[in-house]
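Working notes, structure below.
There are 2 protein chains.
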Amino acid sequence: RIPRPTVKRLSLYLRELESRVELDQQTISSKQLGDALGLTDAQVRKDLAYFGQFGHPGIGYRVSELTERLRQIFGTDRKWNAAVIGAGNIGRALMTYQRFRRKGFEIVAVFDNDADVIGRMTSGHRVRPMEDLPDLVRERDIKIGIVTVPAGAAQEVADALIDAGVLGILNFAPIRLDVRDAVSITSVDFSVSLEQLAFQVSLGLTG
Amino acid sequence: RIPRPTVKRLSLYLRELESRVELDQQTISSKQLGDALGLTDAQVRKDLAYFGQFGHPGIGYRVSELTERLRQIFGTDRKWNAAVIGAGNIGRALMTYQRFRRKGFEIVAVFDNDADVIGRMTSGHRVRPMEDLPDLVRERDIKIGIVTVPAGAAQEVADALIDAGVLGILNFAPIRLDVRDAVSITSVDFSVSLEQLAFQVSLGLTG
Ligand SMILES: NC(=O)c1ccc[n+]([C@@H]2O[C@H](COP(=O)([O-])OP(=O)(O)OC[C@H]3O[C@@H](n4cnc5c(N)ncnc54)[C@H](O)[C@@H]3O)[C@@H](O)[C@H]2O)c1
Ligand SMILES: NC(=O)c1ccc[n+]([C@@H]2O[C@H](COP(=O)([O-])OP(=O)(O)OC[C@H]3O[C@@H](n4cnc5c(N)ncnc54)[C@H](O)[C@@H]3O)[C@@H](O)[C@H]2O)c1
Chain A
1 RIPRPTVKRL SLYLRELESR VELDQQTISS KQLGDALGLT DAQVRKDLAY
51 FGQFGHPGIG YRVSELTERL RQIFGTDRKW NAAVIGAGNI GRALMTYQRF
101 RRKGFEIVAV FDNDADVIGR MTSGHRVRPM EDLPDLVRER DIKIGIVTVP
151 AGAAQEVADA LIDAGVLGIL NFAPIRLDVR DAVSITSVDF SVSLEQLAFQ
201 VSLGLTG
Chain B
1001 RIPRPTVKRL SLYLRELESR VELDQQTISS KQLGDALGLT DAQVRKDLAY
1051 FGQFGHPGIG YRVSELTERL RQIFGTDRKW NAAVIGAGNI GRALMTYQRF
1101 RRKGFEIVAV FDNDADVIGR MTSGHRVRPM EDLPDLVRER DIKIGIVTVP
1151 AGAAQEVADA LIDAGVLGIL NFAPIRLDVR DAVSITSVDF SVSLEQLAFQ
1201 VSLGLTG
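Chains as they are written, first to last, in my numbering: chain A, 1 to 207; chain B, 1001 to 1207.
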């Protein structure tokens, strides 16, 4: 539908636009965008036309409008193979979480280092030992590691994931992970929500 | 240790200070704080002395310093009994989550409406039917409801919790809940983290 070269350039446009957003730039012309990426203004207009009607006569493109649209396209067109590390309580729950799939995340493997857990079936997956991580990351094109091990094991697990070649880590352990720049990391922490709730309820109790 | 009337006033001080923080007020005198709450400046100084050394000669109190300290006391001194509604994957995982307890949240009951689930033991609790909710909220002084049912059931569960008398709801269902003003609500939503991660990884992939 959208030509492959255009899709490849999509992320370059998006990265460029994101930095313009940072600079608070309101509008941008196809020439400016082209110059920044070594493309002709004609190519830019041709590419962007695949994504929608964005050109404003005399203005060029509205930076935030275009950025928003490209983000949208970019997010939903991507499919990510993910692995869960730590087949415990929260790890097993996450394997059933449908919203992951709707966001394009497909859990294709689950790992653990506990002999009592390895080899068991959970949500249609057999739990694999950590030794199998590098091979499976390669074979199954795993890009995302979901870390659901205790805090004390989280850093070594993150290291193993990075060595195996993942590009992103979703961390559930309550500890700050040290990752190299090549890897993106996002943490999930309920305790902020809990503190907020405790605080609000406390204030409410006296009201 | 701290007199009961002082503890009761603690949240009034905190609420007043929070609005001063909002207004960017840097310092406040015991007289100002007293006037706002209908107390004498002497009472204010007496109360606050229980919480630490905060008075600065010629200044009064530093708003952010005092607020921070009261927030701390307020948060950690409180113990909240909580109920989990929805003994499914994430509900059962949460019942093992130690960090809840460290934040002062004690899960004292778990409920479900599925006959196959009711009566089972999970993490030391027997799953109760929804009919028992009002009685147990009262008997066990439950202040917080943790909602871990499917999106379609979340609002009716929230209603049941509010009717039963909880003061706060921690919502894991991916839907905005409509609650009355008397009830605080905080939502936990991983999909924001997922989108962020997908986006960062996408940008990284072209780098
Ligand atoms: N339980 C929850 O609801 C919840 C919620 C938010 C965050 N968390 C966090 O998620 C993590 C897991 O919590 P849980 O309740 O599922 O714990 P759990 O003990 O049930 O599961 C942890 C699993 O990790 C495995 N493991 C430990 N070290 C490992 C290693 N080096 N390599 C591979 N696997 C390893 C264990 O064998 C176990 O199966 C913790 O850091 C916890 O703080 C849990
Ligand atoms: N699984 C996860 O890791 C995860 C993560 C984040 C958010 N969530 C959200 O949490 C919710 C629960 O997810 P889950 O995977 O545990 O689902 P689940 O199907 O395993 O569990 C839901 C439970 O709720 C019970 N239930 C349904 N309607 C009820 C009602 N009216 N009253 C009382 N109990 C009722 C069911 O009988 C079931 O036991 C969903 O909204 C989901 O989107 C799940």
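Just so it is clear, CB atoms sit at the ideal spot from N, CA and C, and this is done for glycine as well. Bear in mind that the values here come from a model prediction, so they are computed numbers and not experimental data.
- Annotation for G1119/B indicates a beta carbon at 7 Å or more from all heavy atoms of ligand 2.
- Interface flag for G1168/B against chain A is set, since a Cβ pair is found closer than 8 Å.
- Per DSSP, the continuous beta strand (DSSP E) segment holding S184/A begins and ends at S184 to S187.
- Counting along the chain, the unbroken beta strand (DSSP E) around G145/A starts and ends at I142 to V147.
- For L170/A, the pairing in a beta bridge is given by DSSP as I146/A and T186/A.
- For A1087/B, no alpha helix (DSSP H) encloses it, and the DSSP letter there is neither H nor E.
- Close partners of Q1026/B in chain A (Cβ separation under 8 Å) are lacking, with about 22 Å as the shortest Cβ gap.
- In the structure shown, the three-state DSSP call for P129/A is strand.
- For G104/A, the secondary structure class from DSSP, reduced to helix, strand or coil, is coil.
- For the C-beta of K1046/B, not a single chain A residue is nearer than 9 Å; the gap to the nearest is close to 19 Å.
- Taking a Cβ-Cβ threshold of 9 Å, the residues of chain B close to P174/A are R1099, in chain order.
- At a Cβ-Cβ threshold of 8 Å, A82/A and I107/A count as neighbours.
- Under the criterion of beta carbons closer than 8 Å, A151/A and R128/A do not qualify as touching, at roughly 22 Å.
- Taking 7 Å as the cut-off, one finds no heavy atom of ligand 1 near enough to the beta carbon of A164/A.
- At a cut-off of 8 Å, the C-beta of Q200/A has a neighbouring C-beta in chain B.
- Secondary structure of Y1050/B (DSSP, three-state): coil.
- In the three-state DSSP reduction, A82/A falls in the strand class (E or B).
- For R102/A, the number of other beta carbons within 10 angstroms of its own is below 16, and it is reported as exposed.
- One Cα belongs to V147/A, the other to A158/A, and the distance between them is close to 7 Å.
- In the same chain as V1201/B, and ignoring 5 residues on each side of it, no C-beta atom comes closer than 6 Å to its own.
- Taking a Cβ-Cβ threshold of 7 Å, the residues of chain B close to V188/A are F1190 and S1193, in chain order.
- I1059/B: not part of any alpha helix (DSSP H); DSSP gives it neither H nor E.
- With respect to chain B, the C-beta atom of G152/A has no partner C-beta closer than 8 Å.
- The criterion of a C-beta distance shorter than 8 Å is not satisfied by S1030/B and G1058/B.
- Using beta-carbon distances, K143/A counts as an interface residue toward chain B, with a partner under 8 Å.
- Taking a contact to require three or more Cβ pairs closer than 8 Å, the region 1089 to 1105 of chain B and the region 1041 to 1059 of chain B do not qualify as touching.
- With 16 or more other Cβ atoms from the protein chains shown falling within 10 Å of its own Cβ, L33/A counts as buried.
- Assignment of V117/A by DSSP, reduced to helix, strand and coil, places it in the coil class.
- For Q1026/B, there is no enclosing alpha helix (DSSP H), as DSSP gives it neither H nor E.
- Contact annotation, A1153/B with L1133/B: C-beta distance approximately 14 Å; criterion of less than 8 Å not satisfied.
- Not flagged as an interface residue toward chain B: I85/A, since no C-beta distance is shorter than 8 Å.
- Within 8 Å of the CB of N113/A, no CB atom of chain B is found; the nearest one sits about 19 Å away.
- Judged by DSSP secondary structure, P5/A falls within the alpha helix (DSSP H) whose first and last residues are R4 to E22.
- Contact of A1049/B with chain A is not assigned, every C-beta pair being separated by 8 Å or more.
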